[in-house]
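These notes concern the structure reproduced below.
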Amino acid sequence: MTKKELEEKLHEIARAGALAVARHLAPELRPIVEAYNAGEMNLAEVRERAAEVFAASEAKIDFVVKTQRRMAQSLGQLAAQTPGQLRRYPAWRLVRGGTRKVPRDDWDLRWAAAGSATGWQGACTDDYVALKDSPIWAALGDGAGGYRDAIGNPFPPFAFGSGMTWQRVSRDEAESLGLVGEGGDA
Amino acid sequence: MLDATVTVSTPQLDGILERCSPERRAELHREIAAELGETVRDHLRDYALGHHKTARTLGADPTGNLEDARVDASSDDGGATVTVRALGIRRALGPLEIRPRNGKALTIPVAAIAYGRSVAYLKSHGVDLFRPKGKDYLAYRENPKSQFSTVVYLLRARTTLKHEPELLPDRATLAANAAEAARDFIMEGGE
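For the protein sequence lines, the chains are A and B, in the order given.
Last residue of the first sequence: number 186 in my numbering, and the count goes up by one each step with no gaps.
Last residue of the second sequence: number 1191 in my numbering, and the count goes up by one each step with no gaps.
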């Protein structure tokens, strides 16, 4: 086995494992994640409680609970979409929403791959902006281009450990970017 | 969680609200709640990105308490509510006194190893914390044979977080954005 194959195998194990935990959260972690998402517990308490019931490294526990929290954040954002919001803010921009010691530097490649995979429907080629219903979001989440750390959701975080999130884009800006016609529907 | 009330009231808006059926009023409030939720979410993200002072000072990773905070918007025919679910967010409204929930003292991290980690957690991971006699801190020795120790936590009966109004958008911004959402709702025939 080459180092590349080993790396891929480890990535696959990590991805499959984290997916299993994140999507089918271990029952013993569920109340901890819920309390963390509800702002009733800080990260120190989360780590302490989780370590008592879940045999995993701190990095893995952080990974699981923070991914869950970011997913909950995005779901809250999606749930808050209204006709008025969609009219006045028809698009999202992918922006850095969380600091990282070593941020990924391949978002331009991911964006290009997801755009190509979806024919750039409702998406800008030169800015991380796309209509809220653009298929590019699902393609990003599916790891278009072969990114094996993708989570599989059409909402942030699109990749494990990612600090990238959505920022709404106004209709005026979406018009200037050519995503919507002047005064027309998105 | 945080409870705060922002009242948006103009003669024109109040007149419209009076003429609205409860169902229409609920729709309008839903638009306002969504707008305020997004306003708060955008603000928290931008604020948090520029404020990791404690983590940076200690050379630790930020915990993401604010930037990952869940913001929920809800409404009914009586009003709109935005809920921010982040510990300590209440200091946006005024000084926040914190007392220990468990234990006898607050443990305030002053070393990277302690940031985002509890005393029990560090002990369970083999960090031999001790409290020097007569001192109000916990320390540990990286080398057990060394006479030098590193202060890890300060012990306090209580502490007060200073008022940080900039944690949330100011009331004028909230009111203006709420009014804009209401105006759009009315212009688009939602009245």
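No residue lacks a Cβ here, since even glycine has one placed at the ideal position from N, Cα and C.
| query | result |
| --- | --- |
| So with CB distances below 9 Å, who are the chain B contacts of ARG88(A)? | GLU1035, GLU1180, ALA1181 and ASP1184 |
| When you compare the CB of ASN153(A) with every CB in chain D, is at least one pair closer than 8 Å? | The question asks about chain D, but that chain is absent: this structure's protein chains are A and B. |
| In chain A, which residues lie with their C-beta within 9 Å of the C-beta of ASN1177(B)? | Within chain A, no residue comes near ASN1177(B); the closest Cβ sits about 10 Å away, beyond 9 Å. |
| Do we get a CB-CB distance below 8 Å when we pair LEU25(A) with the residues of chain B? | no |
| Would you tell me roughly how many angstroms separate the C-alpha atoms of THR165(A) and PRO157(A), rounded to the nearest one? | 6 Å |
| Going by the DSSP bridge assignment, what does GLY1079(B) pair with across the sheet? | ASP1076(B) |
| Is the region 1144-1156 of chain B touching the region 1098-1106 of chain B in the sense that three or more CB pairs, one from each, lie closer than 8 Å? | yes |
| What residues in its chain sit with their C-beta under 6 Å from that of VAL21(A), if we drop five residues either side in the sequence? | Here VAL21(A) scores only 48 on pLDDT, less than 50, and its place in the model is too uncertain to base an answer on. |
| Per DSSP, which one or two residues make a beta bridge with TYR1137(B)? | LEU1154(B) |
| Check for me: the beta strand (DSSP E) holding LEU1096(B) runs from which residue to which? | 1096-1098 |
| To the nearest angstrom, how far is it from the Cα of SER57(A) to the Cα of GLU1018(B)? | 58 Å |
| Please list, in chain order, the residues of the region 49-65 of chain A that have any C-beta partner in chain B closer than 7 Å. | ALA51 |
| Under the rule that 16 or more other beta-carbon atoms within 10 Å means buried, what is ALA55(A), buried or exposed? | exposed |
| Checking contacts by CB at 8 Å: is LEU43(A) closer than that to chain B? | yes |
| Can you name the residues that DSSP bridges to PRO1109(B)? | TYR1153(B) |
| Considering just the uninterrupted stretch of the beta strand (DSSP E) at GLN81(A), what are its terminal residues? | Looking at the DSSP string, GLN81(A) is not in any beta strand (DSSP E), and its letter there is neither H nor E. |
| At the level of alpha carbons, what is the spacing between ALA195(A) and ILE32(A)? | Only positions 1 to 186 of chain A appear in this structure, which leaves residue 195(A) out of reach. |
| Of all Cβ atoms in chain A, is any one closer than 8 Å to the Cβ of LEU1174(B)? | no |
| If I measure Cβ to Cβ from GLY178(A) and keep anything under 7 Å in the same chain, skipping five residues before and after, which residues do I get? | none |
| Buried or exposed for MET41(A), please, with buried defined as at least 16 other CB atoms from any protein chain shown within 10 angstroms of its CB. | buried |
| For ASP142(A) and ALA150(A), I'd like the C-alpha separation in whole angstroms. | 6 Å |
| Give a yes or no on contact between the region 1062-1074 of chain B and the region 67-81 of chain A, applying the rule of three or more CB pairs nearer than 8 Å. | yes |
| Reducing DSSP to helix, strand and coil, say where PHE1185(B) ends up. | helix |
| If you drop the 5 nearest sequence neighbours on each side, which residues of the same chain put their C-beta closer than 6 Å to that of ALA1034(B)? | ALA1073 |
| Does the region 1040-1047 of chain B come into contact with the region 45-54 of chain A, if we say contact requires no fewer than three beta-carbon pairs (one atom in each stretch) closer than 8 Å? | no |
| From ASP62(A) to ALA144(A), what does the alpha carbon distance come to, in whole angstroms? | 26 Å |
| Kindly list, in the order they appear in chain A, the residues whose Cβ is closer than 8 Å to that of TYR1121(B). | ALA44, ARG47, GLU48 and ALA51 |
| Check whether chain B comes within 8 Å of ARG93(A), counting only Cβ atoms and requiring the distance to be less than that. | no |
| Terminal residues of the continuous alpha helix (DSSP H) containing ARG1041(B)? | 1022-1049 |
| Hey, does ARG70(A) have any beta-carbon neighbour from chain B nearer than 8 Å? | yes |
| Label ALA1182(B) either buried or exposed according to how many other C-beta atoms from any shown protein chain fall within 10 Å of its C-beta, with 16 as the threshold for buried. | buried |
| Cβ closer than 8 Å: which chain B residues qualify as neighbours of ARG168(A)? | GLU1038 and ASP1042 |
| Per DSSP, which one or two residues make a beta bridge with PHE1130(B)? | ALA1139(B) |
| Where does LEU25(A) fall in DSSP's three states? | coil |
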